[in-house]
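*Asks:* Each residue of the sequence shown is one higher than the last, beginning at 10 in this note's numbering.
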Amino acid sequence: MRSPRIPTFMLRRVLPAEVREEVLRDLDDRYEDLCRWGGRWAASRWYWAQALRAVGPAAKDRMPRHTRTPVARRTRERLESVVGDITLAFRAFWRSPGIIAVAVISLALGIGANTAIFSVVDTFMFRPLSFTEPERLVHVYATLPERGWNYNEVSIANFVDFREQSRTTDIAASYARDFNLSSGDGPERINGERASWNYFRVLGVQPVHGRTFTADEEQRGQHHVAIVSNGLWRRRFGAAPSLVGQTVQLDGEQYTVVGILPPTFRWYGSNTEIWTPFGLAGDESRGSNVLKPIGRLRPDATLEQANTELSGIARRLEGAYPESNRGWGAGVQGLHGLIFPEQFETGSLILTVAVAFVLLITCANVANLMLTRVVRRGREIALRRALGAGRGRIVRQLLTEAMIVSVFGGVVGVVGAYIAVPVLAGLLPGTLPRVEDIGVDGRVLSFALVVTLLTGVLVGIAPVFHSSRSNITDALREGGRSAVGVRGVGLRKLLVVSEVTLAMTLLVASVLLVKAFWRVQTMDYGWGRENVLTFRVSLPEAQYESGETVTGFYRELLSRLASDPAALAVSGTTIPPLQGNTNTFFGVPGRETPSIQQRPLTEFRFVFPGYFETMGIPVLRGRGLGDQDRPTTQPVVVINEILADRYWPGESPVGRQVRFWGETREIVGVVRNTLDVRHYAEPMMFMSAFQYPRRDMGLLIRTVGEPSSAVELARATVADLAATLPIYDVRTMEEAISERWGGETVVAKIMGCLAVVALLLAVAGVYGVISYMVSQRIREMGIRMALGAERVTVLRMVLRQGATLTVTGVAIGILIASFVTRSLSFFLLGVNPYDLTTFGTVALALCVAGVAGAYLPARRATKADPLDVLRAE
Numbered sequence: 010m011r012s013p014r015i016p017t018f019m020l021r022r023v024l025p026a027e028v029r030e031e032v033l034r035d036l037d038d039r040y041e042d043l044c045r046w047g048g049r050w051a052a053s054r055w056y057w058a059q060a061l062r063a064v065g066p067a068a069k070d071r072m073p074r075h076t077r078t079p080v081a082r083r084t085r086e087r088l089e090s091v092v093g094d095i096t097l098a099f100r101a102f103w104r105s106p107g108i109i110a111v112a113v114i115s116l117a118l119g120i121g122a123n124t125a126i127f128s129v130v131d132t133f134m135f136r137p138l139s140f141t142e143p144e145r146l147v148h149v150y151a152t153l154p155e156r157g158w159n160y161n162e163v164s165i166a167n168f169v170d171f172r173e174q175s176r177t178t179d180i181a182a183s184y185a186r187d188f189n190l191s192s193g194d195g196p197e198r199i200n201g202e203r204a205s206w207n208y209f210r211v212l213g214v215q216p217v218h219g220r221t222f223t224a225d226e227e228q229r230g231q232h233h234v235a236i237v238s239n240g241l242w243r244r245r246f247g248a249a250p251s252l253v254g255q256t257v258q259l260d261g262e263q264y265t266v267v268g269i270l271p272p273t274f275r276w277y278g279s280n281t282e283i284w285t286p287f288g289l290a291g292d293e294s295r296g297s298n299v300l301k302p303i304g305r306l307r308p309d310a311t312l313e314q315a316n317t318e319l320s321g322i323a324r325r326l327e328g329a330y331p332e333s334n335r336g337w338g339a340g341v342q343g344l345h346g347l348i349f350p351e352q353f354e355t356g357s358l359i360l361t362v363a364v365a366f367v368l369l370i371t372c373a374n375v376a377n378l379m380l381t382r383v384v385r386r387g388r389e390i391a392l393r394r395a396l397g398a399g400r401g402r403i404v405r406q407l408l409t410e411a412m413i414v415s416v417f418g419g420v421v422g423v424v425g426a427y428i429a430v431p432v433l434a435g436l437l438p439g440t441l442p443r444v445e446d447i448g449v450d451g452r453v454l455s456f457a458l459v460v461t462l463l464t465g466v467l468v469g470i471a472p473v474f475h476s477s478r479s480n481i482t483d484a485l486r487e488g489g490r491s492a493v494g495v496r497g498v499g500l501r502k503l504l505v506v507s508e509v510t511l512a513m514t515l516l517v518a519s520v521l522l523v524k525a526f527w528r529v530q531t532m533d534y535g536w537g538r539e540n541v542l543t544f545r546v547s548l549p550e551a552q553y554e555s556g557e558t559v560t561g562f563y564r565e566l567l568s569r570l571a572s573d574p575a576a577l578a579v580s581g582t583t584i585p586p587l588q589g590n591t592n593t594f595f596g597v598p599g600r601e602t603p604s605i606q607q608r609p610l611t612e613f614r615f616v617f618p619g620y621f622e623t624m625g626i627p628v629l630r631g632r633g634l635g636d637q638d639r640p641t642t643q644p645v646v647v648i649n650e651i652l653a654d655r656y657w658p659g660e661s662p663v664g665r666q667v668r669f670w671g672e673t674r675e676i677v678g679v680v681r682n683t684l685d686v687r688h689y690a691e692p693m694m695f696m697s698a699f700q701y702p703r704r705d706m707g708l709l710i711r712t713v714g715e716p717s718s719a720v721e722l723a724r725a726t727v728a729d730l731a732a733t734l735p736i737y738d739v740r741t742m743e744e745a746i747s748e749r750w751g752g753e754t755v756v757a758k759i760m761g762c763l764a765v766v767a768l769l770l771a772v773a774g775v776y777g778v779i780s781y782m783v784s785q786r787i788r789e790m791g792i793r794m795a796l797g798a799e800r801v802t803v804l805r806m807v808l809r810q811g812a813t814l815t816v817t818g819v820a821i822g823i824l825i826a827s828f829v830t831r832s833l834s835f836f837l838l839g840v841n842p843y844d845l846t847t848f849g850t851v852a853l854a855l856c857v858a859g860v861a862g863a864y865l866p867a868r869r870a871t872k873a874d875p876l877d878v879l880r881a882e
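(1) May I have the straight-line CA-CA distance separating F594 from R608, to the nearest angstrom?
(2) Name the DSSP beta bridge partners of M694, please?
(3) Tell me which same chain residues have a C-beta within less than 6 angstroms of the C-beta of S139, skipping the five on either side of it?
(4) Taking the alpha helix (DSSP H) that M806 belongs to, which residues open and close that run?
(5) Check whether the segment 311-323 and the segment 269-282 are in contact - that is, three or more C-beta pairs closer than 8 angstroms.
(6) Return yes when the Cβ of L360 is within less than 8 angstroms of the Cβ of I4, no when it is not.
(7) Going by DSSP in three states, R630 sits in which element: helix, strand or coil?
(8) Only counting the same chain, and skipping five residues up and downstream in sequence, which positions put a Cβ closer than 7 angstroms to that of I447?
(9) Is the CB-CB distance between L521 and P472 below 8 angstroms?
(10) Going by beta carbon distance, what residues of the same chain come within less than 6 angstroms of R869, once the five residues before and after it are set aside?
(11) DSSP puts D179 in a beta bridge; with which residues?
(12) Please classify M694: is it buried, with 16 or more other beta-carbons within 10 angstroms of its beta-carbon, or exposed?
(13) Can P331 and W206 be called in contact, C-beta distance under 8 angstroms?
(14) With A166 as the anchor, note down where its beta strand (DSSP E) starts and where it stops.
(15) Tell me the DSSP bridge mates of G678?
(16) Within 8 angstroms, do at least three Cβ pairs link the segment 544-553 to the segment 653-669?
(17) For a test of the three-state rule: what should DSSP assign to V419, helix, strand or coil?
(18) CB G338 to CB S357, shorter than 8 angstroms?
(19) Residues in the same chain with beta-carbon distance under 6 angstroms from T817, minus the five sequence neighbours each way, listed in chain order, please.
(20) Based on Cα-Cα distance, which residue from P438, A457 and L436 lies nearest to G418?
(21) How many whole angstroms separate the CB atoms of T815 and N540, which I take to be in contact at a CB cut-off of 8 angstroms?
(22) From the DSSP output, in three-state form, read off I348 for me.
(23) Among V449, G561 and R156, which has the Cα closest to the Cα of I428?
(24) Is the beta carbon of S105 sitting closer than 8 angstroms to the one on R382?
(25) Run the CB neighbour count on P574, radius 10 Å, all protein chains shown included, and call it buried at 16 or more, exposed below.
(26) Could you work out which residue in V756, F526, L515 and E142 is closest to F353 when comparing CA atoms only?
(27) Tell me, please, whether the segment 756-770 touches the segment 518-532 by the rule of three or more beta-carbon pairs shorter than 8 angstroms.
(28) Quick one: what's G201 bridged to in DSSP?
(29) Report the option in T871, Q342, L369 and G619 whose CA atom is closest to the CA atom of T178.
(30) Would you report the Cα separation of L344 and T281, rounded to the nearest angstrom?
(31) By the 10 Å Cβ neighbour count, where 16 or more other Cβ atoms means buried, how is D170 classified, buried or exposed?
(32) Closest to S115 by C-alpha separation, out of N159, Y264 and A773, would be which residue?
(33) Give me whichever residues DSSP pairs with A339 in a beta bridge.
(34) What first and last residue would you give for the beta strand (DSSP E) that runs through Y264?
(35) Please report the straight-line C-alpha distance between Q228 and F222, rounded to a whole angstrom.
(36) Just the Cα atoms here: how many angstroms apart are G489 and M134?
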């Protein structure tokens with residue numbers, strides 16, 4: 010601070026030495042008092058001005074030393090001021106420990122919830138992928154605008170052309186291909202992939218032992234080489250480096266291990282343990298889209314250039330192969346979008362907004378508590394200002410108090426987050442990418458620190474705003490408490506209305522999500538879910554070359570399983586319900602579509618005889634699939650109701666025909682609609698797995714009792730038929746339902762917890778404000794009752810105030826919620842985002858809760874004795 014210019018008349022002022030000393034001693038005493046009340050900065054300015062007026066330039070030698078040197082003075086004053094603020098804050102807290110404890114716990118709840126959710130959102134959405142230069146990795150996809158397909162898979166043949174013709178991107182690909190591993194300690198089903206020769210080079214992964222694939226090994230006949238994961242190497246082969254160069258048996262064939270991957274490599278959301286090359290024969294179909302290619306942009310290429318180039322290549326392929334490629338385009342996006350698609354972004358945004366709402370509600374509640382303290386300290390603050398403390402000094406003190414409360418809340422909240430994050434991660438399905446990485450680390454702690462500081466500012470705004478508008482004279486005047494209190498009511502009402510608005514929005518969204526969750530748990534899937542065990546068996550092509558051997562194995566397996574007393578019914582299908590999907594184009598003879606890409610699409614399954622009976626799916630017309638359907642008989646198919654009503658409305662489709670894969674099939678039956686991987690029924694066709702033998706099948710056992718009791722029966726029966734065959738993907742249908750909808754319903758679970766917290770905080774806010782208003786008007790109410798007002802009238806008056814605040818917040822919340830719920834459609838699983846019943850029920854419940862929160866202080870006001878109230882005043 011610059012020293013003020015000394016006026017000329019002061020330079021000429023001369024006082025006797027004894028008078029000058031007496032004046033300065035008096036100023037010194039007053040200076041120390043002001044330092045305690047208003048801080049050294051304000052006290053120094055006051056001392057400087059008063060001393061110059063009293064004794065002139067001679068005062069310079071007697072002024073406090075820290076006021077002489079500007080730099081030292083500023084540094085010391087700031088440090089002393091901060092320490093003084095903190096000291097005063099703790100002294101003030103000691104006078105109201107209950108309020109401070111409630112404030113700290115409330116903020117801990119809000120900050121802890123935000124920290125825990127951020128740990129999940131950061132893991133999914135913000136952390137870079139753990140590959141070399143991940144910003145250059147991209148996902149290559151196909152598009153078919155005519156059908157609205159924006160991020161579709163690519164056929165192997167088209168992938169090879171993309172890879173050869175691209176000059177901006179090095180492209181690789183893989184697809185899932187599990188194996189029966191017979192080497193080591195008994196048979197085991199291993200999660201595997203077929204990959205292009207350059208797959209690991211594009212990802213920038215180097216084996217710890219051995220090498221990656223070569224270009225020649227991608228061709229059929231030279232593809233019997235394998236790369237194993239570090240986990241499989243340690244688990245099955247004892248971490249022996251000599252494994253490189255040795256052979257392992259996969260599906261009955263010998264593969265030479267050429268590389269072992271580092272322990273840090275993993276593909277997000279996948280537990281692949283072994284990779285083999287494609288084994289290209291040169292005749293791969295362009296109509297079978299099974300690949301999700303990845304690429305690495307070359308150093309001089311951009312994402313826009315790669316998009317332009319891939320689109321051009323797709324147009325050239327469309328011209329060269331119109332039968333399969335007409336209408337198809339291509340593009341690229343960052344690899345993060347493949348691993349964490351749109352539903353991750355939507356779910357993360359929903360949870361982030363929800364916990365932010367909870368934090369804002371918490372801040373409003375704590376701001377009300379701090380505002381109550383400021384009102385009670387009105388005379389103290391006014392006295393400090395009268396003694397020389399400026400508005401800035403008071404503002405800084407109040408913000409310091411708010412910040413200290415916030416810091417304590419943040420510390421407790423982070424401790425709570427350490428406890429909550431593992432629980433939260435346990436709610437998420439293990440199949441989600443990076444679930445194992447969720448935790449509290451430096452990034453999460455930095456976020457918690459920022460949230461804590463922002464919370465301190467938000468909590469301190471209301472008290473600062475109130476104190477800056479308070480009048481010193483009113484505060485110091487006898488009886489001025491009421492005037493000061495009345496001015497604080499408007500701000501408190503605004504905070505409560507904001508709380509109720511946020512709570513209403515959060516409650517509506519949460520109830521809709523919980524409704525969707527409940528619908529998943531209780532909806533009719535069209536098949537029986539109780540007491541059904543599923544497991545898979547995959548027959549190696551090398552040992553089961555012909556359809557007869559495949560059919561013979563499964564006939565014997567089904568017969569042995571069905572003969573056990575624990576099994577009520579036994580069957581199988583290529584994909585059990587909720588465990589995947591396959592679809593194909595088809596045509597109806599006589600109803601050909603003008604464009605190949607406009608052909609209708611249907612889901613399809615190959616099933617064993619008795620599938621509909623085992624799963625409890627009624628056959629509505631015709632018959633099901635049985636032993637009479639063999640490779641030598643007429644190709645037949647069973648369809649569901651949707652497909653029948655769409656193409657043969659009002660008539661029976663039995664005896665009609667459909668055509669796909671170049672073959673005409675007769676419809677022999679119609680079954681009830683069933684739900685599968687989506688929450689609504691889709692067109693579905695079923696074909697006999699004995700008429701079209703499939704090596705990889707999912708077996709179904711409907712048991713007499715607990716389905717898990719049949720696991721040993723299934724394992725022993727398969728081992729008795731083929732000792733080298735493992736069973737895998739063993740689960741009950743109830744477990745399959747949980748796994749399928751776990752990612753979507755976890756949002757509902759978290760939102761439900763947050764909604765309960767928001768409701769309690771909103772009710773507490775209404776209670777706090779009404780209690781405060783009653784305390785401010787207790788004298789008025791005493792006079793009313795002394796003059797003859799009935800207690801019911803006073804009760805009704807107070808309740809009306811609480812109801813007004815609640816209804817106002819609910820009305821605004823309904824408007825905001827109507828916009829917010831649109832973003833929830835992905836997770837609502839068929840529930841209407843504008844469900845009027847939900848909106849009305851939540852609004853009514855919140856109004857009742859708000860009135861209930863106002864009832865206790867209202868009842869307390871009516872119980873007060875008017876004479877005691879007036880005597881106290």
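Just so you know, even glycine gets a beta-carbon here, dropped at the ideal spot from N, CA and C. Keep in mind the model is a prediction, meaning the values are calculated, not measured.
*Replies:* Walking through what the data contain:
(1) As a position in the sequence shown, residue 594 is number 585, starting the count at 1. As a position in the sequence shown, residue 608 is number 599, starting the count at 1. When rounded, the distance between both Cα atoms is 6 angstroms.
(2) Start at 1 with the first residue of the sequence shown, and residue 694 comes out as number 685. According to DSSP, which records beta bridges pairwise, M694 is partnered with F613 and I648.
(3) Here residue 139 refers to the residue found at position 130 when the sequence shown is read from its first residue. Answer for S139: no residue qualifies.
(4) Against the sequence shown, residue 806 aligns to sequence position 797. From DSSP, the alpha helix (DSSP H) with M806 extends over R800 to V829.
(5) no
(6) The question about residue 4 has no answer, for the chain in this structure spans 10 to 882.
(7) The residue given as residue 630 occupies position 621 in the sequence shown. R630 falls in the strand class under three-state DSSP.
(8) Locating residue 447 in the sequence shown gives position 438, where the first residue counts as 1. S128, V129, T132, V430 and A434, listed in sequence order.
(9) Translated into the one-based positions of the sequence shown, residue 521 becomes position 512. Translated into the one-based positions of the sequence shown, residue 472 becomes position 463. No, the pair does not count as a contact, with Cβ atoms beyond the cut-off.
(10) Locating residue 869 in the sequence shown gives position 860, counting from the first residue. Nothing meets the Cβ criterion.
(11) Against the sequence shown, residue 179 aligns to sequence position 170. Beta-bridge pairing links D179 to R305.
(12) For this step, residue 694 is matched to residue 685 along the sequence shown. The residue in question, M694, is buried, as its Cβ has 16 or more Cβ neighbours within 10 Å.
(13) Walking along the sequence shown from the start, residue 331 turns up at place 322. Walking along the sequence shown from the start, residue 206 turns up at place 197. When the beta-carbon positions are compared, P331 and W206 stay at least 8 angstroms from each other.
(14) Taking the first residue of the sequence shown as position 1, residue 166 is located at position 157. Careful: A166 lies outside any beta strand (DSSP E), inside the alpha helix (DSSP H) at I165 to Q174.
(15) Mapped onto the sequence shown, residue 678 falls at position 669. G678 is bridged to G631 and V647.
(16) Under the 8 angstroms Cβ criterion, the segment 653-669 does not count as touching the segment 544-553, having fewer than three qualifying pairs.
(17) For the purposes of this step, residue 419 is identified with residue 410 of the sequence shown, where counting begins at 1. Note that residue 419 is Gly in the sequence shown, not Val. DSSP, reduced to helix, strand and coil, places G419 within a helical segment of the structure shown.
(18) Walking along the sequence shown from the start, residue 338 turns up at place 329. Walking along the sequence shown from the start, residue 357 turns up at place 348. Against a cut-off of 8 angstroms, the Cβ pair of S357 and G338 comes out as no contact.
(19) Here residue 817 corresponds to residue number 808 of the sequence shown, with the count starting at 1. V506, listed in sequence order.
(20) If you number the sequence shown from 1, residue 418 lands on position 409. Here the closest residue by C-alpha is A457.
(21) For this step, residue 815 is matched to residue 806 along the sequence shown. For this step, residue 540 is matched to residue 531 along the sequence shown. Not confirmed; about 49 angstroms, so no contact.
(22) Position 339 of the sequence shown, counted from the start, is the residue given in the question as residue 348. DSSP places I348 in helix when its eight states are reduced to three.
(23) Taking the first residue of the sequence shown as position 1, residue 428 is located at position 419. Of V449, G561 and R156, the residue nearest in Cα terms is V449.
(24) Here the question's residue 105 lines up with position 96 in the sequence shown. Here the question's residue 382 lines up with position 373 in the sequence shown. Their beta carbons are under 8 angstroms apart, which means S105 touches R382 by this criterion.
(25) Locating residue 574 in the sequence shown gives position 565, counting from the first residue. Answer is exposed; the Cβ neighbour count stays below 16.
(26) On the sequence shown, residue 353 is found 344 positions in, with the first residue counted as 1. Checking every option, the nearest Cα to that of F353 belongs to V756.
(27) yes
(28) For the purposes of this step, residue 201 is taken as the residue at position 192 of the sequence shown. I283, per the DSSP bridge assignment.
(29) Position 169 of the sequence shown, counting from 1, holds the residue named residue 178. T178 has its Cα closest to that of Q342, out of T871, Q342, L369 and G619.
(30) Taking the sequence shown and counting its residues from 1, the one referred to as residue 344 is at position 335. Taking the sequence shown and counting its residues from 1, the one referred to as residue 281 is at position 272. Distance between the alpha carbons of L344 and T281 is about 18 angstroms.
(31) On the sequence shown, position 161 is the one that residue 170 refers to. With 16 or more other Cβ atoms within 10 Å, it is buried.
(32) Here residue 115 is taken as the residue at index 106 of the sequence shown, counted from 1. The shortest Cα separation from S115 among N159, Y264 and A773 belongs to A773.
(33) Counted from its first residue, the sequence shown places residue 339 at position 330. Its beta-bridge partners are A151.
(34) Position 255 of the sequence shown, counted from the start, is the residue given in the question as residue 264. Start and end: E262 to I269.
(35) Residue 228 sits at position 219 when you count from the first residue of the sequence shown. Residue 222 sits at position 213 when you count from the first residue of the sequence shown. Straight-line Cα distance between these residues: approximately 11 angstroms.
(36) On the sequence shown, residue 489 is found 480 positions in, with the first residue counted as 1. On the sequence shown, residue 134 is found 125 positions in, with the first residue counted as 1. Confidence is the limiting factor: at G489 the pLDDT is only 43, short of 50, which leaves the residue's position unreliable and the question unanswerable from this model.
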